[in-house]
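Participant: Below: one structure in structure tokens.
Residue numbers (my numbering): 207 to 530.
Written out as structure tokens, the structure reads:
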């Protein structure tokens with residue numbers, strides 16, 4: 207008797223567009239856009255696990271359109287098959303998780319649940335125990351790279367945003383398969399839920415990085431909201447100088463600029479996602495200047511001293527409560 211497929215044999219994801227009517231046609235531009243985004247999600251996960259992907263399609267069915275995405279690994283041994291199954295399971299759960307659900311938590315729970323599979327537990331008891339252990343460790347390391355992956359988040363949002371605008375689709379179904387055999391029940395996302403998957407904005411939270419060194423190549427010597435120019439990590443940038451103290455030192459001539467003049471500062475990076483989901487920096491703000499250099503000699507600013515003392519006090523407080 208043929209053994210029924212289980213989660214560790216999964217190698218395919220079925221994407222099912224359910225329509226408001228009994229037709230099985232779909233706007234080709236919308237379909238291609240959605241599947242471009244869906245493939246970008248698969249690619250982001252697959253790249254992490256170093257797998258190759260091919261796509262197969264099923265015949266159209268009344269009341270909807272089905273597409274089968276088959277994941278094929280580079281290897282053909284038992285380990286490769288288990289890795290494929292883990293990827294398929296992970297992709298499906300990521301795709302079905304709304305924006306409000308942390309991607310870190312989705313990845314963590316998915317991997318934990320996958321390795322609790324009964325058949326996998328049985329294999330652990332047999333000759334594959336060491337191999338399964340290695341796969342577990344390898345999977346944990348690789349999935350850490352997926353935590354808060356901006357491409358995954360952006361492309362998932364783009365998929366649901368495109369399908370929300372296409373009124374003919376009332377639901378999206380996703381199912382895990384082994385070939386054409388069902389492994390999981392079809393999970394449904396209804397039209398009323400689509401908004402839960404769409405980013406409200408492409409802007410990301412700004413981040414602040416302390417003690418960053420910037421070589422100043424074009425200071426602003428007059429008052430006004432003009433951008434300065436400098437070199438940061440070997441790249442030319444334009445930035446906003448927000449330090450009132452340092453601007454005053456410059457404008458009163460107390461700081462003179464020579465070739466190679468530089469500062470150490472608290473730097474704020476304004477960020478957003480581009481169309482492909484990659485993180486880009488849109489603006490640089492120098493919040494305060496910790497110190498500036500004259501002939502390579504550092505001079506601490508008043509605000510820099512206050513900032514340093516506050517950090518030292520905070521660290522002492524943490525040590526006092528055993529949190530260092």
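Cβ atoms here follow ideal geometry from the backbone N, Cα and C, with glycine treated the same way.
If you scan the stretch 461-507 from start to end, which runs of the alpha helix (DSSP H) of 4 or more residues do you find wholly inside it?
Facilitator: none
Participant: Mapping the DSSP letters down to three states, classify residue 299 as helix, strand or coil.
Facilitator: helix
Participant: Secondary structure at residue 314, three-state DSSP: helix, strand or coil?
Facilitator: Shown here, residue 314 sits in a helix according to DSSP, grouped into three states.
Participant: Find the nearest neighbour of residue 500 within the set 421, 241, 489, judged by alpha-carbon distance.
Facilitator: Comparing Cα-Cα distances from residue 500 to each of 421, 241, 489, the minimum goes to 421.
Participant: Once DSSP output is grouped into helix, strand and coil, what is the label at residue 426?
Facilitator: coil
Participant: Could you tell me which residues DSSP pairs with residue 274 in its beta bridges?
Facilitator: 220, 262
Participant: For residue 304, I'd like the list of residues in its chain whose CB is within less than 7 angstroms of its CB, leaving aside the five on either flank, ordered along the chain.
Facilitator: 402, 403
Participant: Could you give the DSSP three-state label for residue 410: helix, strand or coil?
Facilitator: strand
Participant: Quick one: what does DSSP say residue 365 is sitting in, helix, strand or coil?
Facilitator: helix
Participant: Would you say the stretch 344-354 touches the stretch 368-384, given that touching needs at least three Cβ pairs under 8 angstroms?
Facilitator: no
Participant: Within this structure, are the beta carbons of residue 473 and residue 415 separated by less than 8 angstroms?
Facilitator: yes
Participant: Going by alpha carbons, who is nearest to residue 270 out of 226, 493, 310, 293?
Facilitator: Of 226, 493, 310, 293, the residue nearest in Cα terms is 226.
Participant: State the DSSP-derived secondary structure class of residue 207, mapped to helix, strand or coil.
Facilitator: Residue confidence is low: residue 207 scores 39 on pLDDT, short of 50, so the model does not pin down where it sits. No coordinate-derived value is stated.
Participant: For residue 486, tell me which candidate among 433, 511, 430, 412 has the shortest Cα-Cα distance.
Facilitator: 412
Participant: Do you know how far the Cα of residue 353 is from the Cα of residue 243?
Facilitator: Each residue's alpha carbon lies about 19 angstroms from the other.
Participant: With DSSP collapsed to three states, give me the class of residue 214.
Facilitator: helix
Participant: Exposed or buried, which one is residue 381 when buried takes at least 16 other CB atoms within 10 Å?
Facilitator: Taking all protein chains in view, the Cβ of residue 381 is crowded by 16 or more other Cβ atoms within 10 Å, so the residue is classified as buried.
Participant: Quick one: what does DSSP say residue 376 is sitting in, helix, strand or coil?
Facilitator: Strand at residue 376.
Participant: Any contact between the stretch 316-325 and the stretch 247-256? By contact I mean 3 or more CB pairs, one from each, below 8 angstroms.
Facilitator: no
Participant: Consult DSSP for residue 401 and reduce its assignment to one of helix, strand or coil.
Facilitator: helix
Participant: Residue 476 to residue 360, Cα distance in whole Å?
Facilitator: 17 angstroms
Participant: On the DSSP bridge list, what partners appear for residue 518?
Facilitator: BP columns for residue 518 are empty, so no partner.
Participant: Can you name the start and end residues of the alpha helix (DSSP H) that residue 392 belongs to?
Facilitator: No alpha helix (DSSP H) contains residue 392, which DSSP labels as neither H nor E.
Participant: Among 379, 444, 465, 480, whose alpha-carbon lies nearest the alpha-carbon of residue 408?
Facilitator: 480
Participant: Assign residue 244 to one of three DSSP states: helix, strand, or coil.
Facilitator: helix
Participant: Quick check on the burial criterion: 16 or more other C-beta atoms within 10 angstroms. Buried or exposed for residue 362?
Facilitator: buried
Participant: If we ignore side chains and look at the alpha-carbon of each, how far apart do residue 295 and residue 216 end up?
Facilitator: 8 angstroms
Participant: Would you list the one or two residues that DSSP bridges to residue 328?
Facilitator: Residue 328 is not bridged to any residue.
Participant: Pick out whichever of 419, 459, 507, 427 has its Cα sitting closest to the Cα of residue 440.
Facilitator: 419
Participant: Looking only at its own chain, which residues have a Cβ that is under 7 angstroms from the Cβ of residue 471, when we skip the five neighbours before and after it?
Facilitator: Sequence-distant Cβ neighbours of residue 471 in its own chain, meaning closer than 7 angstroms and more than five residues away, are 418, 420, 492, 494, 495, 496.
Participant: Using 8 angstroms for Cβ pairs, my map puts residue 279 next to residue 341. What's the rounded Cβ distance?
Facilitator: The pair is not a contact, with the Cβ atoms about 12 angstroms apart (cut-off 8 angstroms).
Participant: Helix, strand or coil for residue 432? Go by DSSP, reduced to three states.
Facilitator: In the structure shown, residue 432 sits in coil (DSSP, three-state: anything other than H, G, I, E or B).
Participant: Looking at residue 297: is its Cβ nearer than 8 angstroms to the Cβ of residue 219?
Facilitator: yes
Participant: Note the first and the last residue of the continuous alpha helix (DSSP H) segment covering residue 451.
Facilitator: 450-457
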